[in-house]
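Peer 1:
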Amino acid sequence: MNSSPENLFTETPQVRRKLRQETCAKWVFASMAGLMIIPLLLILGYLVQRAWPSLSLGFLLDVPTHGMRDGGVWPAFVGTIYLVFLSLAVSAPIGILAAVYLNEYARDNWFNRIINLAVINLAGVPSIVHALFGLGAFVYAARFGCSIVSASLTLAIMTLPVIIASTREALASVPRSFREACWNVGATRWQTIRAVVLPNAISGILTGIILQVSRAAGETAPIMFTGAVFFKAVQKGAILPYSLTDQCMALSMHLFTLATQVPDVKESIPFATAVVLMGSVLLVNTAAIGLRLYLRAHKKW
Amino acid sequence: MPTTRRRSSRPAWAVLGERGFEVLIYLCGISAIVFVLGIFFFVFKEAFPVLRNPDFHLGQFLFSQEWYPTSEVHKRYGVLAMIAGTFSVTALAMVIAVPFGLGAAIYLSEFCGGKMRETLKIVIELLAAIPSVVWGFIGLTVMSRLIVRFTGAPVGVNVLNGGIILALMSVPIIVSIAEDALKAVPDSFREAGIALGATRWQLVWRVLLPAARTGLLAAVLLGVARGVGETMAVLMATGHAVHIPHSLLDSVRTLTANIAAELGEAPAGSDHYQVLFLTGVLLFALTFAVNLAADLVVRGIRRK
Chain L
55 MNSSPENLFT ETPQVRRKLR QETCAKWVFA SMAGLMIIPL LLILGYLVQR AWPSLSLGFL
115 LDVPTHGMRD GGVWPAFVGT IYLVFLSLAV SAPIGILAAV YLNEYARDNW FNRIINLAVI
175 NLAGVPSIVH ALFGLGAFVY AARFGCSIVS ASLTLAIMTL PVIIASTREA LASVPRSFRE
235 ACWNVGATRW QTIRAVVLPN AISGILTGII LQVSRAAGET APIMFTGAVF FKAVQKGAIL
295 PYSLTDQCMA LSMHLFTLAT QVPDVKESIP FATAVVLMGS VLLVNTAAIG LRLYLRAHKK
355 W
Chain R
11 MPTTRRRSSR PAWAVLGERG FEVLIYLCGI SAIVFVLGIF FFVFKEAFPV LRNPDFHLGQ
71 FLFSQEWYPT SEVHKRYGVL AMIAGTFSVT ALAMVIAVPF GLGAAIYLSE FCGGKMRETL
131 KIVIELLAAI PSVVWGFIGL TVMSRLIVRF TGAPVGVNVL NGGIILALMS VPIIVSIAED
191 ALKAVPDSFR EAGIALGATR WQLVWRVLLP AARTGLLAAV LLGVARGVGE TMAVLMATGH
251 AVHIPHSLLD SVRTLTANIA AELGEAPAGS DHYQVLFLTG VLLFALTFAV NLAADLVVRG
311 IRRK
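Those protein sequence lines, which keep their order, are chains L and R. For reference, each letter of the first sequence is one residue, going 55 to 355 in our numbering. For reference, each letter of the second sequence is one residue, going 11 to 314 in our numbering.
#1: Taking the DSSP output, what are the residues bridged to Asp124 (chain L)?
#2: Restricting to Cα atoms, I'd like to know which of R:Val238, R:Leu232, R:Phe73 is closest to Gly173 (chain R).
#3: Count the other C-beta atoms from every protein chain shown that fall within 10 angstroms of the C-beta of Tyr78 (chain R), then say buried if there are 16 or more, exposed otherwise.
#4: What residue range does the alpha helix (DSSP H) around Val329 (chain L) cover?
#5: Please list, in chain order, the chain L residues whose beta carbon lies closer than 9 Å to that of Arg210 (chain R).
#6: Alpha carbon to alpha carbon, what distance is there between Thr209 (chain R) and Leu73 (chain L)?
#7: Can you list, in chain order, the stretches of the alpha helix (DSSP H) that have 4 or more residues and sit fully within the region 151–206 of chain L?
#8: Grouping DSSP H, G and I as helix and E and B as strand, with all else coil, what is Cys122 (chain R)?
#9: To the nearest angstrom, report how far apart Phe325 (chain L) and Leu101 (chain L) are at their CA atoms.
#10: Sort L:Ala313, L:Val319, L:Ser306 by Cα distance to Thr151 (chain R) and report the nearest one.
#11: Tell me whether Val288 (chain L) counts as near the ligand SAH, meaning its Cβ is closer than 7 Å to at least one heavy atom of that ligand.
#12: Run through the DSSP bridge pairs and tell me what Ala243 (chain R) is partnered with.
#13: In chain order, what residues of the same chain have a beta carbon less than 8 Å from the beta carbon of Val203 (chain L), not counting five sequence neighbours either side?
#14: Would you list the residues sitting across from Ala282 (chain L) in a DSSP beta bridge?
#15: Roughly how many whole angstroms lie between the Cα atoms of Ala304 (chain R) and Val244 (chain R)?
#16: Given a limit of 8 Å on CB to CB distance, which residues of the region 190–219 of chain L reach chain R?
#17: Check whether the region 91–107 of chain R and the region 248–261 of chain R are in contact - that is, three or more C-beta pairs closer than 8 Å.
#18: What residues in its chain sit with their C-beta under 6 Å from that of Ala191 (chain R), if we drop five residues either side in the sequence?
#19: Would you mind stating whether Met104 (chain R) and Val230 (chain R) have Cβ atoms separated by less than 8 Å?
#20: Roughly how many angstroms lie between the CA atoms of Met90 (chain L) and Ile264 (chain L), to the nearest whole one?
#21: Need the endpoints of the alpha helix (DSSP H) that Ala103 (chain R) sits in, please.
#22: Is Gln68 (chain L) buried or exposed, if buried means 16 or more other CB atoms sit within 10 Å of its CB?
#23: Tell me, please, whether the CB atom of Val22 (chain L) is closer than 8 Å to any CB atom in chain R?
#24: Under 8 Å between the Cβ atoms of Phe147 (chain R) and Met246 (chain R)?
#25: Can you list, in chain order, the residues of its chain whose CB lies under 8 Å from that of Met55 (chain L), leaving out five sequence neighbours each side?
#26: Can the beta-carbon of Val183 (chain L) be found closer than 8 Å to that of Ile49 (chain R)?
#27: For Arg222 (chain L), which of helix, strand or coil comes out of DSSP?
#28: Among residues of its own chain, excluding the 5 on either side of Tyr283 (chain R), which ones have a beta-carbon nearer than 7 Å to its beta-carbon?
#29: Taking 8 Å as the CB-CB cut-off, is Phe139 (chain L) touching chain R?
#30: DSSP state of Arg86 (chain R), grouped into three classes?
#31: Restricting to Cα atoms, I'd like to know which of R:Glu56, R:Leu26, R:Ile40 is closest to Gly290 (chain R).
#32: Please report the Cβ distance between Lys320 (chain L) and Asp124 (chain L), rounded to the nearest whole angstrom; I am assuming they are in contact, meaning their Cβ atoms lie under 8 Å.
#33: Ordered along the chain, which non-local residues of its own chain (more than five positions away) have a Cβ less than 6 Å from that of Phe279 (chain L)?
#34: Within 10 Å of its beta-carbon, does Ala200 (chain L) have 16 or more other beta-carbons around it, so buried, or fewer, so exposed?
#35: Three-state secondary structure (DSSP) at Tyr296 (chain L)?
#36: Please confirm whether Val53 (chain R) and Phe298 (chain R) have their CB atoms less than 8 Å apart.
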């Protein structure tokens, strides 16, 4: 009916309905995104509020007292640092070299497809199965006993696939022309990787590894039976309280214990432990994300 | 001019060193296979003796809901109730997380502007980093109190609690993978839709969702895998009752939580200990199947 040229661009009821639907859909999706995030921020805020009476630098630096009902989290905090650094010291080199193999050397054949599949499946293994593996392989078969070594190795295998994946992504983002230029001046494959590929990908690789710091720090199940204990007496102010064959406390384990096993804990202490754990994890992650944003803004190519 | 000239060669140690390094790289490359096989081997090795035990029946293990590992007279190891627990909690989590996750992914990739998208993606990435034990703690303290207040349930740690916590945990994964899937739809599809006068909503509903179908399915599958494998959060948030749940407010125990709760008390090498490892084998097989399915789905996209 309204097909004369001057009416072509006026809104028909259909167009209006269409636009109404559009706005409606937009708000529905926006509220879905919001509903996912806002309650969480509220919960996190609530945790901080409940933890407030205990939160102080002293809480971080003190040892647990009165059968873990009072005091701080220092032994657990140091234990977590031990576990994280040892596990990444193992998994980062292996993971980086594995990613170099998959990205730079591997051809697309059945064998390398199986490797890829193995990486994906290793990433999907439940953390409690990692714990069973660590118990069977490191604690009993390798006779490391329940120790920091066993727990770190278990965590290392857990973080390995993600390090492989993130390193591969970093290596793949180095343009192929860089490699070709290097090959053309007569460099071998490894020389190219060492002189051109790795230096250009190092920032991406580092970001991936930093993100795994927080993952390793937060995991509880894999270390529960392989090296973490409920309580270990540590002198106040000790910087390096554990040896590698000791068992150790860990923040995540400490939180689990406080929340479920210890009766009559002072109200705010488990909350404060949760906030310390979450805060350190989020801090490390924010640093990694910040580094990534900075590097993306200052990319050379 | 001489027709042949000796190539100036690098010193032998450099050539050998490089060769050695390449072997090392190759070894690291195959390490993933070694570790996956190693996990299966060691977990299965500890579980194996129980399969040859005349008192143990695999059928009973899978299909009986009687779990009495420490009974004096008649020990029974049936994990059906735990399987039901795992599935009920995971299913509830997916019912909540899938619509919200996909909705948020659609909002992120199609409706919101650049700055907003960057911010939301960072927030989601940070949410994904919160440790599972903290989630469990939230379930135990905050969520259980809310559930008791609003539903009048006698205990707050139950299927509903575990499902909500697990949903909150798996939403970030679903969002990021679903967003990748939507982003992988070529822009020409969007341009064609817009040229026909479609609104964004029509575009999403008629073009993008069908085109990104497989990727979205993979996102859901990985969410399921996370739900089945999650340990600490469900251990703390679902209560500890070993029985098949009849309502959302029943307490349950999942396969993962069962291992985590009882492994510490089972003496190494005992039947109980071996059955727990067998549960591990079952879990490994379950998540392996789900991950494999997700991978095949994703591979299907790439081939297209």
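Every residue, glycine too, gets a C-beta built ideally from N, C-alpha and C.
Peer 2: A quick look at the data gives this:
#1: In the first sequence, residue 124 (chain L) corresponds to position 70, counting from 1. Beta-bridge pairing links Asp124 (chain L) to L:Thr119.
#2: The residue you call residue 173 (chain R) lines up with position 163 of the second sequence. Of the candidates R:Val238, R:Leu232, R:Phe73, the one whose C-alpha sits nearest the C-alpha of Gly173 (chain R) is R:Val238.
#3: In the second sequence, residue 78 (chain R) corresponds to position 68, counting from 1. Label assigned to Tyr78 (chain R): exposed.
#4: Here residue 329 (chain L) corresponds to residue number 275 of the first sequence, with the count starting at 1. Taken as a continuous stretch (DSSP letters only), the alpha helix (DSSP H) holding Val329 (chain L) covers 322–351.
#5: Residue mapping note: residue 210 (chain R) aligns to position 200 of the second sequence, counting from 1. Correct list: Glu76, Ala79, Lys80.
#6: To locate residue 73 (chain L), count along the first sequence from 1; it is residue 19. To locate residue 209 (chain R), count along the second sequence from 1; it is residue 199. Straight-line measurement puts the Cα of Thr209 (chain R) at about 7 Å from the Cα of Leu73 (chain L).
#7: With a minimum length of 4 residues, the continuous alpha helix (DSSP H) runs that stay inside the region 151–206 of chain L are 164–178, 181–188.
#8: Here residue 122 (chain R) refers to the residue found at position 112 of the second sequence. Coil at Cys122 (chain R), not helix or strand.
#9: In the first sequence, the residue the question calls residue 325 (chain L) occupies position 271. In the first sequence, the residue the question calls residue 101 (chain L) occupies position 47. Phe325 (chain L) and Leu101 (chain L): Cα-Cα distance of roughly 6 Å.
#10: Your numbering for residue 151 (chain R) matches position 141 in the second sequence. The alpha carbon of Thr151 (chain R) has as its nearest neighbour, out of L:Ala313, L:Val319, L:Ser306, the alpha carbon of L:Ala313.
#11: In terms of ligand content, the structure shown is empty, and the ligand SAH therefore cannot be addressed.
#12: The residue given as residue 243 (chain R) occupies position 233 in the second sequence. Under the DSSP definition of a beta bridge, Ala243 (chain R) lacks any partner.
#13: Here residue 203 (chain L) corresponds to residue number 149 of the first sequence, with the count starting at 1. Its chain contains Leu140, Phe192, Gly281, Leu298, Thr299 as the residues whose beta carbon lies nearer than 8 Å to that of Val203 (chain L), once the 5 sequence neighbours on both sides are disregarded; these appear in chain order.
#14: Here residue 282 (chain L) refers to the residue found at position 228 of the first sequence. Ala282 (chain L) pairs with L:Cys302.
#15: Mapped onto the second sequence, residue 304 (chain R) falls at position 294. Mapped onto the second sequence, residue 244 (chain R) falls at position 234. Approximately 23 Å between the Cα atoms of the pair.
#16: Taking 8 Å as the Cβ-Cβ cut-off against chain R, the residues of the region 190–219 of chain L that qualify are Gly190, Ala191, Tyr194, Ala195, Ile211, Leu214, Pro215, Ile218.
#17: Counting Cβ pairs under 8 Å, three or more are found: they touch.
#18: In the second sequence, counting from the first residue as 1, residue 191 (chain R) sits at position 181. Excluding residues within five positions, the ones whose Cβ falls inside 6 Å are Ala222, Gly225, Leu226.
#19: For the purposes of this step, residue 104 (chain R) is taken as the residue at position 94 of the second sequence. For the purposes of this step, residue 230 (chain R) is taken as the residue at position 220 of the second sequence. Met104 (chain R) is a Cβ neighbour of Val230 (chain R), given a cutoff of 8 Å.
#20: What you label residue 90 (chain L) is simply residue 36 of the first sequence in a count that begins at 1. What you label residue 264 (chain L) is simply residue 210 of the first sequence in a count that begins at 1. Answer to the nearest angstrom: the Cα atoms are 26 Å apart.
#21: As a first step, residue 103 (chain R) must be located in the second sequence, where it is residue number 93. Annotation for Ala103 (chain R): the continuous alpha helix (DSSP H) segment containing it runs 90–116.
#22: On the first sequence, position 14 is the one that residue 68 (chain L) refers to. Here Gln68 (chain L) is exposed, its C-beta having fewer than 16 other C-beta atoms within 10 Å.
#23: Any answer about residue 22 (chain L) is impossible in this case: the structure gives chain L only from 55 up to 355.
#24: As a first step, residue 147 (chain R) must be located in the second sequence, where it is residue number 137. As a first step, residue 246 (chain R) must be located in the second sequence, where it is residue number 236. Cβ distance < 8 Å, so Phe147 (chain R) and Met246 (chain R) count as in contact.
#25: In the first sequence, residue 55 (chain L) corresponds to position 1, counting from 1. Residue confidence for Met55 (chain L) is low, a pLDDT of 48 falling below 50, so the modelled location carries little weight; the figure read from the coordinates is stated next. Nothing meets the Cβ criterion.
#26: Working through the first sequence from its first residue, we reach residue 183 (chain L) at position 129. Working through the second sequence from its first residue, we reach residue 49 (chain R) at position 39. Cβ atoms of Val183 (chain L) and Ile49 (chain R): closer than 8 Å.
#27: Here the question's residue 222 (chain L) lines up with position 168 in the first sequence. If DSSP states are grouped into helix, strand and coil, Arg222 (chain L) belongs with the helices.
#28: For this step, residue 283 (chain R) is matched to residue 273 along the second sequence. Residues Ala276, Pro277 of the same chain have their beta carbon placed closer than 7 Å to that of Tyr283 (chain R), with the five preceding and five following residues left out of the count.
#29: The sequence position of residue 139 (chain L) within the first sequence is 85, counting from 1. So, not an interface residue.
#30: Within the second sequence, numbered from 1, the residue matching residue 86 (chain R) stands at position 76. The answer is strand: DSSP assigns Arg86 (chain R) an E or B state.
#31: For this step, residue 290 (chain R) is matched to residue 280 along the second sequence. Closest by C-alpha distance to Gly290 (chain R), out of R:Glu56, R:Leu26, R:Ile40, is R:Glu56.
#32: The residue given as residue 320 (chain L) occupies position 266 in the first sequence. The residue given as residue 124 (chain L) occupies position 70 in the first sequence. That pair is a contact at about 6 Å.
#33: Taking the first sequence and counting its residues from 1, the one referred to as residue 279 (chain L) is at position 225. For Phe279 (chain L), the CB contacts under 6 Å within the same chain, skipping 5 residues up- and downstream, are Ala185, Leu189 in chain order.
#34: On the first sequence, position 146 is the one that residue 200 (chain L) refers to. Note that residue 200 (chain L) is Cys in the sequence shown, not Ala. Its Cβ being crowded by 16 or more others within 10 Å, Cys200 (chain L) is buried.
#35: Along the first sequence, read from residue 1 onward, the residue named residue 296 (chain L) stands at position 242. In the structure shown, Tyr296 (chain L) sits in coil (DSSP, three-state: anything other than H, G, I, E or B).
#36: Counting from 1 along the second sequence, the entry for residue 53 (chain R) is found at position 43. Counting from 1 along the second sequence, the entry for residue 298 (chain R) is found at position 288. Contact annotation: Val53 (chain R) and Phe298 (chain R) have beta-carbon atoms that are not nearer than 8 Å.
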